[in-house]
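Colleague:
Residue numbers (full-length UniProt numbering): 1 to 407.
1. Which residue or residues does DSSP assign as beta-bridge partners of residue 53?
2. By the DSSP assignment, the alpha helix (DSSP H) with residue 191 in it spans what residues?
3. Can you tell me the Cα-Cα spacing of residue 116 and residue 179, whole angstroms?
4. Determine, using beta carbons only, whether residue 128 and residue 62 come nearer to each other than 9 Å.
5. Taking DSSP as the reference, what is the three-state secondary structure of residue 172?
6. Would residue 166 and residue 394 qualify as a contact pair, given that the criterion is a beta-carbon distance under 9 Å?
7. Mark residue 318 as exposed unless 16 or more other C-beta atoms lie within 10 angstroms of its C-beta, in which case mark it buried.
8. Quick check on residue 148: buried or exposed, where buried means 16 or more other Cβ atoms within 10 Å of its Cβ?
9. If you measure between the beta carbons of residue 328 and residue 337, is that distance less than 9 Å?
10. Would you call the segment 261-269 and the segment 280-296 touching, i.e. three or more CB-CB distances under 8 Å?
11. Give every residue of the same chain whose Cβ lies closer than 7 Å to the Cβ of residue 198, excluding the five residues on either side of it in the sequence, and list them in chain order.
12. Mark residue 326 as exposed unless 16 or more other C-beta atoms lie within 10 angstroms of its C-beta, in which case mark it buried.
13. Comparing the CB of residue 301 with every heavy atom of the ligand NAD, is any distance shorter than 8 Å?
14. Starting from residue 346, trace the alpha helix (DSSP H) both ways and give me its first and last residue.
15. Specify the secondary structure class of residue 328 as computed by DSSP and reduced to three states.
16. Report the rounded CA-to-CA distance for residue 412 versus residue 154, giving the unit in angstroms.
17. Report, in whole angstroms, the separation of the C-beta atoms of residue 183 and residue 334, which I expect to be a contact under 8 Å.
18. Beta-carbon within less than 8 Å of residue 263's beta-carbon, same chain only, minus the 5 sequence neighbours each way: which residues are those?
19. Given that a residue counts as buried once 16 or more other Cβ atoms are within 10 Å of its Cβ, and exposed if not, what is residue 218?
20. Please classify residue 60: is it buried, with 16 or more other beta-carbons within 10 angstroms of its beta-carbon, or exposed?
21. Kindly indicate which three-state DSSP category residue 26 falls into: helix, strand or coil?
22. Give the straight-line distance between the Cα atoms of residue 225 and residue 216, rounded to the nearest whole angstrom.
23. Can you say whether residue 282 is buried or exposed, counting buried as having 16 or more other CB atoms within 10 angstroms of its CB?
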């Protein structure tokens, strides 16, 4: 009965908002036929994928809604989400079905309905990223949702920019890799066996390179090599002993992609720590909530900091422990934070943590751009190798066959 009443109320709200919705979507009706086809393909892909996580832009719009809900006057106990969605979302957005399952009262973020609100978020069909849940929990612990939601807005905007940069940098290489795989497959499955049959049918000796490549493609049991890689990856590293698991995490941390991920997680942790005052910095529960990325290496460090807070450590002790983590921080970062701590003012320490976080993100962006710049020469090399293979294995035997027939 409660669900039926909620559905009826939702329909009434939609009927009330229909004129405004039409005025909001009128500009979108002028889209070109190509745009409509792209939107249709997008909807088909989303339907095949099922109900997954919200897209980055929808999550950004949802974060804006929470920010507005948290900013309305205390006298307003609840508020229509459709007033905001018309300004925050487009027709193709997956935010509409997500918000249709939610009720966001003013008391949800800072008051008694917070637990119900989080439980509702976990039950909706489209889920939120784990770091966003952790950020909401930390905002509840700090009692300052404005700072957390502002950080989330900055992170989401940065993620959208980075995603667009990566997509633009990898579009051509991905196309060329796909083309190379298809070309090699056609070469090995169709062209080379056909050349071999032609040579054998005419009683001519098969070229050594052609015979050797055919042997590599058909006689070597590559499926066993694939199993040797896939079987270990199918087992979760969570079942390993803790020391072995941490060693694996340290190894991943020093790979190019793993180090990029680590830099992003470290910058996020430092920013979260910069939001804590002295009392919050010595709180075990709040410290555990600061690692919203869930990075195992950083989580181990945060849990040791929380253990110190549990046994009576103050903010200075915890910050001193932070400076001893030489596997996490560079010598420059340690020296800078140490100078901030020696000032004796916690506001300077907070500014220092925020500054180091920004420096880490700059390093992240620099390394990311460097990796993307390497991709283009590698793609050019791949195209060159592909052309050489086609020339040697596809066209070369035909030239040899023509010469043999002339003789």
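Just so it is clear, CB atoms sit at the ideal spot from N, CA and C, and this is done for glycine as well. Quick caveat, the model's predicted, so the values are computed rather than measured.
Modeller: Let me spell this out:
1. Stepping through the chain shown from its first residue, residue 53 is reached at position 53. Bridge partners of residue 53: 127.
2. Stepping through the chain shown from its first residue, residue 191 is reached at position 191. That residue, residue 191, is in no alpha helix (DSSP H); it is neither H nor E in DSSP.
3. Position 116 of the chain shown holds residue 116. Position 179 of the chain shown holds residue 179. The C-alpha of residue 116 lies about 51 Å from the C-alpha of residue 179.
4. If you number the chain shown from 1, residue 128 lands on position 128. If you number the chain shown from 1, residue 62 lands on position 62. Yes; because the gap between Cβ atoms is below 9 Å, this pair is in contact.
5. Here the question's residue 172 lines up with position 172 in the chain shown. Secondary structure at residue 172: helix, using DSSP grouped into helix, strand and coil.
6. Here residue 166 refers to the residue found at position 166 when the chain shown is read from its first residue. Here residue 394 refers to the residue found at position 394 when the chain shown is read from its first residue. Result no, Cβ atoms of residue 166 and residue 394 do not sit closer than 9 Å.
7. For the purposes of this step, residue 318 is taken as the residue at position 318 of the chain shown. Answer is buried; the Cβ neighbour count reaches 16.
8. Here residue 148 refers to the residue found at position 148 when the chain shown is read from its first residue. Classification of residue 148: buried, given that the 10 Å Cβ count is 16 or more.
9. The residue given as residue 328 occupies position 328 in the chain shown. The residue given as residue 337 occupies position 337 in the chain shown. Not a contact, by the Cβ cut-off of 9 Å.
10. Taking 8 Å as the limit for Cβ pairs, the verdict is that the segment 280-296 does touch the segment 261-269.
11. Counting from 1 along the chain shown, the entry for residue 198 is found at position 198. The answer, listed in chain order, is 401.
12. Looking up residue 326 in the chain shown gives position 326. Residue 326 is exposed by the Cβ-count criterion.
13. The ligand NAD is not among the ligands present in this structure, which contains no ligands whatsoever.
14. Taking the first residue of the chain shown as position 1, residue 346 is located at position 346. DSSP places residue 346 inside the alpha helix (DSSP H), whose first and last residues are 346-389.
15. Start at 1 with the first residue of the chain shown, and residue 328 comes out as number 328. Residue state, collapsed to three classes: coil.
16. The chain is shown from 1 up to 407; residue 412 falls before or after that span and cannot be answered.
17. The residue you call residue 183 lines up with position 183 of the chain shown. The residue you call residue 334 lines up with position 334 of the chain shown. At roughly 51 Å, the Cβ-Cβ gap does not stay under 8 Å, so residue 183 and residue 334 are not in contact.
18. Within the chain shown, the letter at position 263 stands for residue 263. 360, 361, 363, 364 and 367.
19. On the chain shown, residue 218 is found 218 positions in, with the first residue counted as 1. Taking all protein chains shown into account, residue 218 has fewer than 16 neighbouring C-beta atoms within 10 Å of its C-beta and is therefore exposed.
20. Here residue 60 corresponds to residue number 60 of the chain shown, with the count starting at 1. Buried: at least 16 other Cβ atoms inside 10 Å.
21. In the chain shown, counting from the first residue as 1, residue 26 sits at position 26. Below a pLDDT of 50, predicted positions are generally treated as unreliable, and residue 26, at 33, falls in that range; no measurement from the model is reported.
22. Counting from one through the chain shown, the residue named residue 225 turns up at place 225. Counting from one through the chain shown, the residue named residue 216 turns up at place 216. About 14 Å.
23. Taking the first residue of the chain shown as position 1, residue 282 is located at position 282. Result: buried.
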